[in-house]
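So the protein lines, in turn, are chains P and V. Residues 2 to 212 in our numbering are what the first sequence lists, from first letter to last. Residues 53 to 615 in our numbering are what the second sequence lists, from first letter to last. Every residue gets a Cβ at the ideal spot worked out from N, C-alpha and C, and that includes glycine. Being a predicted model, the structure only gives us computed values, none of them experimental.
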Amino acid sequence: MSIFDILFYLFAAAIVLSAAFVSLSRNIVHAAFSLLFTFLGIAGVYVLLSADFIAVSQILIYVGGILVLIVFGVMLTNRVTNIDIRAAIRSRIPAFIICAGLLALLIAFITQAHWIRYDEEPWKKTPWGKNAVEQVTKPLQGSVREVIDQQGSQGTAAEIGKLLMSDYMLPFELLSIVLLVALIGAAMIARQEAVQKKRPLSPSLPTEVSQ
Amino acid sequence: MPPSSVPDLSSVARLVQAYSAYSLNGFVPEVILVGGFLIAILLDVFTRRAKSKSISIYFAIVVLAMAGIASAFQWQPFVAGQPWKPGHLIFPYSQTLFIPMVHESVLERGYAMAVVDNFSVFFKLLISVAGIFMLLMSLASQELRERSRRLGEYSSLIIGMCVGLYLMPASLDLTMMYISLELVSIAGYILAGFSRDTEHGAEAALKYIMFGALSSGLMIYGFSLFYGLTGTTNIIAIREVLALNPATHTGANFYILWIATILALVGMGYKISAVPFHFWTPDVYEGAPTPVTAFLSVASKAAGFGLLIRFLIFVFPEGTKTAAPVLDWQTALAIGSIVTMTFGNLAALLQTNVRRILAYSSIAHAGYMMAALVVGKADGTVAIMIYLATYLFMQIGVFYAVMLIANKIGSEEIDDYRGLMTRTPLVSSAMVIFLLSLTGIPLTAGFIGKFYLLAAVLTPDAATHSLPWLWLAVGVIVNSVISLYYYLRVAAAMFLKRPLRDMALERAGQTAPPLPAIQFGVPVSALLLALIVPILVLGVYFQPLVDFASGVVRFFNFDNIRY
Chain P
2 MSIFDILFYL FAAAIVLSAA FVSLSRNIVH AAFSLLFTFL GIAGVYVLLS ADFIAVSQIL
62 IYVGGILVLI VFGVMLTNRV TNIDIRAAIR SRIPAFIICA GLLALLIAFI TQAHWIRYDE
122 EPWKKTPWGK NAVEQVTKPL QGSVREVIDQ QGSQGTAAEI GKLLMSDYML PFELLSIVLL
182 VALIGAAMIA RQEAVQKKRP LSPSLPTEVS Q
Chain V
53 MPPSSVPDLS SVARLVQAYS AYSLNGFVPE VILVGGFLIA ILLDVFTRRA KSKSISIYFA
113 IVVLAMAGIA SAFQWQPFVA GQPWKPGHLI FPYSQTLFIP MVHESVLERG YAMAVVDNFS
173 VFFKLLISVA GIFMLLMSLA SQELRERSRR LGEYSSLIIG MCVGLYLMPA SLDLTMMYIS
233 LELVSIAGYI LAGFSRDTEH GAEAALKYIM FGALSSGLMI YGFSLFYGLT GTTNIIAIRE
293 VLALNPATHT GANFYILWIA TILALVGMGY KISAVPFHFW TPDVYEGAPT PVTAFLSVAS
353 KAAGFGLLIR FLIFVFPEGT KTAAPVLDWQ TALAIGSIVT MTFGNLAALL QTNVRRILAY
413 SSIAHAGYMM AALVVGKADG TVAIMIYLAT YLFMQIGVFY AVMLIANKIG SEEIDDYRGL
473 MTRTPLVSSA MVIFLLSLTG IPLTAGFIGK FYLLAAVLTP DAATHSLPWL WLAVGVIVNS
533 VISLYYYLRV AAAMFLKRPL RDMALERAGQ TAPPLPAIQF GVPVSALLLA LIVPILVLGV
593 YFQPLVDFAS GVVRFFNFDN IRY
């Protein structure tokens, strides 16, 4: 067992245990803080996969942004903190059976499945453009792990930046529209309507929708 | 993303990069929409003190009309015998290593983020028309007038939603599919909760967001499995990898492929409100402002079907020997279709609120269209497109009539509709025409939609000369008959029943003075006529629509692609 494996299982245990605590905890504040460890553990797994940029983004956005927002939302709406938040007690057993079945199914097939590698047939040898394809994919032989072992990691931020400004330009720009729409919606929902308010709003609505 | 330096781009790749800049030419409608979206936000700031906020709605109508005209110009005439060409590719890949991008035919094969072809142009036109009708409808909505301070946001959100709706049927990449779908969903959540000060409005928004978050999470998990299996997110490249590499779809991968497909269908099934992803539909349709309901039930559903057709037919095309012959998605979809239409119709029988009846009936209509999708080939796609085009007018029309009645009598209960014929003959007769068209009675547009749909489902198998989907066609017919009952129940209440108040008074021995007549202005009635006329015209003169739709799907022929 290499140091890689030890670290991986450490992070995996942190993710699974803290995520279980999030969904089983009665207290929403405890659940929110437990979510911190889930996010950090996922960032650790990204580091192990040498996805450095995504790991940093994960910490910045999820831990730094979203989690802080959740905790603020919980603390500012004082009525939420003392409620038992576990909903739908009566359907817990069927939910457990379905989820356990799905988990078993996924584990069974995901461990058995053949996941594509960069040196595999359609990429290495195609009826069209044989040599050219080999030339392009030459630096990439084997799985991600093996590539890293061979070459060492050079950081992915530059590559991601290039892709965002070329192939993925359209999704990247579209995301800004998505954010603008969400922002307008959050402002519209959170705004006080002094004139024609008939009944008080439920306090949880603005935070839940703006997330 | 694996760490590596990008190798020198060959001359072909440079050509692709040059094409990327050129691809903006194919992006004009979306650019108009995005520009209009930004201007609409600014317009709201400058007209903050204005008395009437309707100007923002007029502005949105102009923007949608311009975008629709720009998309009409993207229509490509057909040349007989010409193989499929994707038209304008939007942002073809130039950098992604996992696509064999150096092949010269990269521009012909469709390795791109999005595509401008006649299929997407059809849906863009459909969405523009639905959006314009919906905005005209908003002008007459009592519910929106009461909250006119927020009309600026309202119209800018509709333009923003249209950007996503335009891109959904045009996407060729799973990333684009997901983001455009999410844009539509987020705008939809906000619009559904527009009247959040009512209990129904808040409930609608929350239910919509809960089910939306769940289903889009499941969908992107399915997409990630596709990426793991094939190493690419482009749906055309996924098909080629599946066809070229048997290891990607045999053994355990076969089951992973099934799981991935079903998970991807969850997100799309949510958009078209197919059972069992329909739970949000009745509550959202009841709680959202009526124009928003009409728009969600037409434009959002149409774009969802566009995405579904593109995904299923591109990843698992029929009639190609080289395609992965693995997934029997037709049978799975046929079962889903039967369950969806039967559930929608049976649940609609039990409702007393007209809007909830229409919500369940829209679930049933999604089931009918899924039946045509099962056939998969050109016939089925043409049938879905004809159905969507006719469905647009009748569904928006029926919601418009419901809204006009609710504006005046303040209720959507079927009992309050009693005796409306004597009070407002125009709206009542219009409502009956819409309901008959939804049932599929001859001489209305709904009949043409159902006719082509059944004709597609009953296409005989070329090899065995049998009817593989006879049971599905029988299901569609039986369900149409069931739907006749609840549609006519609404019509009968308006035409044949007497108001409850009169009956109570008579029982008490008093004579009842007739309820006051309901008057509508000229513009309101004109819009109603503008929705009736296409239904009646398409009912008898439908050949242009059929030609138009069958021209669109010519490009679904993959047989001429070499492997």
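Counting pairs of Cβ atoms below 8 Å between the segment 216-225 of chain V and the segment 193-208 of chain V, do you hit three or more?
Judged by Cβ distances under 8 Å, the segment 216-225 of chain V makes no contact with the segment 193-208 of chain V, as fewer than three pairs qualify.
Our contact map puts V/A304 next to P/A114 with C-beta atoms below 8 Å; I'd like the distance itself, whole angstroms only.
Mapped onto the second sequence, residue 304 of chain V falls at position 252. Mapped onto the first sequence, residue 114 of chain P falls at position 113. With a Cβ gap of about 5 Å, V/A304 and P/A114 count as contacting.
What does P/G102 reach in chain V if we use C-beta pairs closer than 8 Å?
For the purposes of this step, residue 102 of chain P is taken as the residue at position 101 of the first sequence. Chain V residues near P/G102: none, gap ~12 Å exceeds 8 Å.
Checking contacts by CB at 8 Å: is P/Q113 closer than that to chain V?
The residue labelled residue 113 of chain P in the question sits at position 112 within the first sequence. Closer than 8 Å to the CB of P/Q113 there is at least one CB belonging to chain V.
Sequence-distant residues of the same chain with beta carbon closer than 7 Å to V/I109, five excluded per side:
On the second sequence, residue 109 of chain V is found 57 positions in, with the first residue counted as 1. L187, S190, L191, L203, S207.
Can you tell me whether DSSP reads V/A592 as helix, strand or coil?
Working through the second sequence from its first residue, we reach residue 592 of chain V at position 540. The question names Ala, yet the displayed sequence has Val at residue 592 of chain V. V/V592 falls in the helix class under three-state DSSP.
Which value, in whole angstroms, describes the spacing of the CA atoms of V/I365 and V/E464?
The sequence position of residue 365 of chain V within the second sequence is 313, counting from 1. The sequence position of residue 464 of chain V within the second sequence is 412, counting from 1. In a straight line, the C-alpha of V/I365 is about 40 Å away from that of V/E464.
For the segment 11-94 of chain P, which segments carrying the alpha helix (DSSP H) assignment without a break, of at least 4 residues, lie completely within its bounds, in sequence order?
Segments of the alpha helix (DSSP H) lying fully in the segment 11-94 of chain P: 29-49, 53-58, 69-77.
List the residues of chain P whose Cβ lies closer than 7 Å to the Cβ of V/E205, in chain order.
Along the second sequence, one-based indexing puts residue 205 of chain V at 153. For the C-beta of V/E205, the chain P residues within less than 7 Å are, from N- to C-terminus, I185, M189.
Find out if the Cβ-Cβ distance for the pair V/I570, V/Y504 is shorter than 8 Å.
Position 518 of the second sequence, counted from the first residue, corresponds to residue 570 of chain V. Position 452 of the second sequence, counted from the first residue, corresponds to residue 504 of chain V. No, they are not a contact pair.
Determine, using beta carbons only, whether V/V344 comes closer than 8 Å to chain P.
Working through the second sequence from its first residue, we reach residue 344 of chain V at position 292. By this cut-off, V/V344 is not an interface position.
Residue range of the beta strand (DSSP E) that includes V/M220
Along the second sequence, read from residue 1 onward, the residue named residue 220 of chain V stands at position 168. Counting along the chain, V/M220 falls outside any beta strand (DSSP E), and DSSP gives it neither H nor E.
Tell me whether V/R541 is buried or exposed, calling it buried when 16 or more other Cβ atoms sit within 10 Å of its Cβ.
Taking the second sequence and counting its residues from 1, the one referred to as residue 541 of chain V is at position 489. Classification for V/R541: buried.
Who are the neighbours of V/V86 on chain P, taking C-beta pairs under 7 Å?
Residue mapping note: residue 86 of chain V aligns to position 34 of the second sequence, counting from 1. Per Cβ cutoff of 7 Å: I178.
Among V/G501, V/M320, V/R407, V/S489, which one has its Cα closest to the Cα of V/G269?
Within the second sequence, residue 269 of chain V is the residue found at index 217, counting from 1. When each option's Cα is compared against that of V/G269, the closest is V/M320.
Do you know offhand how far P/F38's Cα is from P/S24's?
Here the question's residue 38 of chain P lines up with position 37 in the first sequence. Here the question's residue 24 of chain P lines up with position 23 in the first sequence. CA-to-CA, the gap between P/F38 and P/S24 works out to about 13 Å.
Below 8 Å CB to CB, which residues in the same chain sit around V/A299 once its five sequence neighbours on both sides are set aside?
Reading the second sequence from its first residue, position 247 is the one you call residue 299 of chain V. Excluding positions up to five away in sequence, the list reads N305.
Segment limits, alpha helix (DSSP H) that includes V/M165:
If you number the second sequence from 1, residue 165 of chain V lands on position 113. Note, V/M165: premise wrong, no alpha helix (DSSP H); beta strand (DSSP E) at 164-168.
With a threshold of 8 Å between beta-carbons, can V/Y307 be considered close to chain P, or not?
For the purposes of this step, residue 307 of chain V is taken as residue 255 along the second sequence, with counting starting at 1. Cβ-Cβ to chain P under 8 Å: yes for V/Y307.
List the residues of chain V that P/F110 touches, going by C-beta distances under 8 Å, in chain order.
Counting from one through the first sequence, the residue named residue 110 of chain P turns up at place 109. Going along chain V in sequence order, the residues near P/F110 (Cβ under 8 Å) are A304, Y307, I308, I311.
Own chain residues within Cβ distance below 8 Å of V/S413, not counting five before or after:
Reading the second sequence from its first residue, position 361 is the one you call residue 413 of chain V. Result list for V/S413: G396, N397, A400, L490, S535, Y538, Y539, in chain order.
When you check each C-beta in the segment 280-301 of chain V against every C-beta of chain P, which residues fall closer than 8 Å?
Under the 8 Å Cβ criterion, the segment 280-301 of chain V contributes G280, L281, T282, G283, E292, V293, L296, N297, A299, T300.
Give me the chain P residues within the contact set of V/A239, using Cβ-Cβ distance strictly less than 8 Å, ordered along the chain.
Stepping through the second sequence from its first residue, residue 239 of chain V is reached at position 187. V182, G186, listed in chain order.
For the candidate residues V/Y163, V/V528, V/F451, V/H517, whose alpha-carbon lies nearest to that of V/I485?
By one-based count along the second sequence, residue 485 of chain V stands at place 433. Comparing Cα-Cα distances from V/I485 to each of V/Y163, V/V528, V/F451, V/H517, the minimum goes to V/F451.
If we ignore side chains and look at the alpha-carbon of each, how far apart do V/L281 and V/I308 end up?
Numbered from its first residue, the second sequence carries residue 281 of chain V at position 229. Numbered from its first residue, the second sequence carries residue 308 of chain V at position 256. Cα-Cα distance, rounded: 8 Å.
Cβ separation of V/G245 and V/A326, assumed to be a contact under 8 Å, to the nearest whole Å:
Indexing the second sequence from 1 puts residue 245 of chain V at position 193. Indexing the second sequence from 1 puts residue 326 of chain V at position 274. Between V/G245 and V/A326 a beta carbon distance of about 23 Å is seen, past the 8 Å cut, so the two are scored as non-contacting.
Helix, strand or coil, according to DSSP, for P/Q197 in the structure here?
Counted from its first residue, the first sequence places residue 197 of chain P at position 196. Note that P/Q197 scores a pLDDT of 49, beneath 50, so its modelled location is shaky; the value from the coordinates is reported in the next line. DSSP places P/Q197 in coil when its eight states are reduced to three.
Interface residues of the segment 224-249 of chain V facing chain P [CB-CB below 9 Å]
Within the segment 224-249 of chain V, those residues whose Cβ lies closer than 9 Å to any Cβ of chain P are, in chain order, D225, T227, M228, Y230, I231, S232, E234, L235, I238, A239, Y241, I242, L243, G245, F246, R248, D249.
With H, G and I counted as helix, E and B as strand and the rest as coil, what does DSSP make of V/E198?
Position 146 of the second sequence holds residue 198 of chain V. Per DSSP, reduced to three states, the secondary structure at V/E198 is coil, with no helix or strand assignment.
Would a C-beta distance cut-off of 8 Å place V/Y241 and V/A257 closer than the cut-off?
The residue labelled residue 241 of chain V in the question sits at position 189 within the second sequence. The residue labelled residue 257 of chain V in the question sits at position 205 within the second sequence. Yes, these two residues count as a Cβ contact at 8 Å.
Cross-chain neighbours of V/R202 in chain P, by beta carbon under 7 Å
For the purposes of this step, residue 202 of chain V is identified with residue 150 of the second sequence, where counting begins at 1. At a beta-carbon threshold of 7 Å, the residues of chain P lying near V/R202 are M189, ordered along the chain.
Just the chain V side, please: which residues come within less than 8 Å of P/P172 by C-beta, in chain order?
On the first sequence, position 171 is the one that residue 172 of chain P refers to. Annotation: Cβ neighbours of P/P172 in chain V (cutoff 8 Å, chain order): M165, D225, T227, M228, I231.
List, in chain order, every chain P residue whose beta-carbon is nearer than 7 Å to that of V/G215.
Working through the second sequence from its first residue, we reach residue 215 of chain V at position 163. It should be pointed out that residue 215 of chain V corresponds to Val in this sequence rather than to Gly. For V/V215, the residues of chain P that pass the 7 Å Cβ criterion are I178, in the order they occur in the chain.
Within this structure, are the beta carbons of V/K176 and V/S123 separated by less than 8 Å?
Taking the first residue of the second sequence as 1, we reach residue 176 of chain V at position 124. Taking the first residue of the second sequence as 1, we reach residue 123 of chain V at position 71. Yes; because the gap between Cβ atoms is below 8 Å, this pair is in contact.
Report yes if the CB atom of V/V367 is closer than 8 Å to the CB atom of V/I290, and no otherwise.
By 1-based counting over the second sequence, the position of residue 367 of chain V is 315. By 1-based counting over the second sequence, the position of residue 290 of chain V is 238. Taking 8 Å as the Cβ cut-off, V/V367 and V/I290 qualify as a contacting pair.
Check the C-beta distance from V/F347 over to V/V479 and give it rounded, since I have them as a contact under 8 Å.
Walking along the second sequence from the start, residue 347 of chain V turns up at place 295. Walking along the second sequence from the start, residue 479 of chain V turns up at place 427. V/V479 and V/F347 do not touch by the CB rule: their CB atoms are close to 20 Å apart, not below 8 Å.
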